[in-house]
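Colleague: Residue numbers (my numbering): 80 to 296.
All C-beta atoms, glycine included, are put in the ideal place defined by N, C-alpha and C.
1) Beta carbon of residue 204, beta carbon of residue 278: below 8 Å?
2) Looking at residue 154 and residue 254, is the spacing between their C-beta atoms short of 8 Å?
3) Is it buried or exposed, residue 231, if we count other Cβ atoms within 10 angstroms and call 16 or more buried?
4) Can you tell me where the beta strand (DSSP E) holding residue 168 begins and where it ends?
5) What is the rounded straight-line gap between the Cα of residue 132 and the Cα of residue 126?
6) Where are the beta strand (DSSP E) runs, 3 residues long or more, that stay fully inside the region 247-281, in chain order?
7) One question on the structure: do residue 224 and residue 281 come within less than 8 Å of each other, judged by their Cβ atoms?
8) Considering just the uninterrupted stretch of the alpha helix (DSSP H) at residue 158, what are its terminal residues?
9) Helix, strand or coil for residue 162 per DSSP?
10) For residue 275 and residue 210, what's the separation of their Cα atoms in angstroms?
11) Do the region 187-197 and the region 150-169 touch if we need at least three Cβ pairs shorter than 8 Å?
12) Helix, strand or coil for residue 129 per DSSP?
13) Please say whether residue 207 and residue 246 have beta carbons closer to each other than 8 Å?
14) Going along the chain, which unbroken runs of the alpha helix (DSSP H) with 4 or more residues stay wholly within the region 177-250?
15) Shortest alpha-carbon distance to residue 171 belongs to which of 273, 285 and 266?
16) Determine the direct distance from the alpha carbon of residue 244 to that of residue 297, and round the result to whole angstroms.
17) By a C-beta neighbour count over all protein chains shown, 10 Å radius and 16 as the cutoff for buried, is residue 182 buried or exposed?
18) To the nearest angstrom, how far is the alpha carbon of residue 188 from that of residue 161?
19) Going by alpha carbons, who is nearest to residue 220 out of 263, 285 and 141?
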């Protein structure tokens with residue numbers, strides 16, 4: 080069905096977070112730019128007093144966008160409505176559905192109203208069993224479908240440029256939810272499959288504490 084097949088290459092490693100030196104360099108560059116900007120003092124002060132939080136959020140978002148362009152890891156923070164039915168969580172994304180109802184019924188609900196979903200790209204063919212190892216290497220567990228749906232609900236265009244998915248296992252087979260765009264149409268697919276994922280996919284994960292078993296709630 081064209082869901083899983085072909086590309087290549089990526090180094091498997093757990094990335095370190097931004098360093099104090101990097102933060103200092105960004106502050107230095109920003110300071111130099113602001114000194115050259117010619118901004119007026121009084122309105123600048125008003126922004127600092129009344130919109131400081133928004134200013135910081137927007138500046139961080141700009142830096143994040145540039146970093147994501149050269150990174151194989153993307154982070155999204157979202158609010159998740161765990162009170163929805165699986166169908167409601169899927170419908171809220173507003174995408175054309177190709178779903179198997181009996182698989183939708185097995186979707187893990189997960190936990191937490193606020194979550195940080197981390198996406199990584201393997202860049203080569205990978206089976207669901209081997210994908211579990213990729214999650215482990217990064218200190219992640221597969222994101223629950225509710226969290227992944229919340230990301231795609233909050234940012235409807237994300238899957239158009241970053242096809243993304245997660246998986247879970249029912250009694251005997253791997254199941255998945257996948258968001259993508261095919262032939263100009265934005266899709267969400269839910270099903271069971273024994274195939275392999277190709278290199279285009281971004282896999283959604285949640286952080287796990289060191290030493291805990293990798294599995295979804």
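Modeller: According to the data block:
1) Here residue 204 is taken as the residue at index 125 of the chain shown, counted from 1. Here residue 278 is taken as the residue at index 199 of the chain shown, counted from 1. Taking C-beta atoms as the reference points, residue 204 and residue 278 count as a pair closer than 8 Å.
2) What you label residue 254 is simply residue 175 of the chain shown in a count that begins at 1. What you label residue 154 is simply residue 75 of the chain shown in a count that begins at 1. Cβ distance not < 8 Å, so residue 254 and residue 154 don't count as in contact.
3) Mapped onto the chain shown, residue 231 falls at position 152. With 16 or more Cβ atoms within 10 Å of its Cβ, residue 231 is classed as buried.
4) Residue 168 sits at position 89 when you count from the first residue of the chain shown. Careful: residue 168 lies outside any beta strand (DSSP E), inside the alpha helix (DSSP H) at 165-170.
5) Against the chain shown, residue 132 aligns to sequence position 53. Against the chain shown, residue 126 aligns to sequence position 47. Answer to the nearest angstrom: the Cα atoms are 10 Å apart.
6) Counting only runs of 3 or more residues that sit fully inside the region 247-281, the beta strand (DSSP E) segments are 253-261 and 264-271, in chain order.
7) Here residue 224 corresponds to residue number 145 of the chain shown, with the count starting at 1. Here residue 281 corresponds to residue number 202 of the chain shown, with the count starting at 1. No. Outside cutoff.
8) Locating residue 158 in the chain shown gives position 79, counting from the first residue. First-last for residue 158: 152-158, but that is the beta strand (DSSP E), not the alpha helix (DSSP H).
9) Taking the chain shown and counting its residues from 1, the one referred to as residue 162 is at position 83. Residue state, collapsed to three classes: coil.
10) Position 196 of the chain shown, counted from the first residue, corresponds to residue 275. Position 131 of the chain shown, counted from the first residue, corresponds to residue 210. Between residue 275 and residue 210, the alpha-carbon positions lie close to 9 Å from each other.
11) With a cut-off of 8 Å, the region 150-169 and the region 187-197 count as touching, because enough Cβ pairs lie within range.
12) Taking the first residue of the chain shown as position 1, residue 129 is located at position 50. Judged by DSSP in its simplified three-state form, residue 129 adopts helix.
13) Indexing the chain shown from 1 puts residue 246 at position 167. Indexing the chain shown from 1 puts residue 207 at position 128. A contact, by the Cβ cut-off of 8 Å.
14) The region 177-250 contains these whole alpha helix (DSSP H) runs: 180-183, 207-216, 224-233 and 237-240.
15) The residue you call residue 171 lines up with position 92 of the chain shown. Nearest option by C-alpha distance: 266.
16) Residue 297 is absent from the structure shown; the chain starts at 80 and stops at 296.
17) To locate residue 182, count along the chain shown from 1; it is residue 103. Around the C-beta of residue 182, 16 or more other C-beta atoms lie within 10 Å, and the residue is accordingly described as buried.
18) Numbered from its first residue, the chain shown carries residue 188 at position 109. Numbered from its first residue, the chain shown carries residue 161 at position 82. Their Cα atoms are separated by approximately 7 Å.
19) Position 141 of the chain shown holds residue 220. It is 285.
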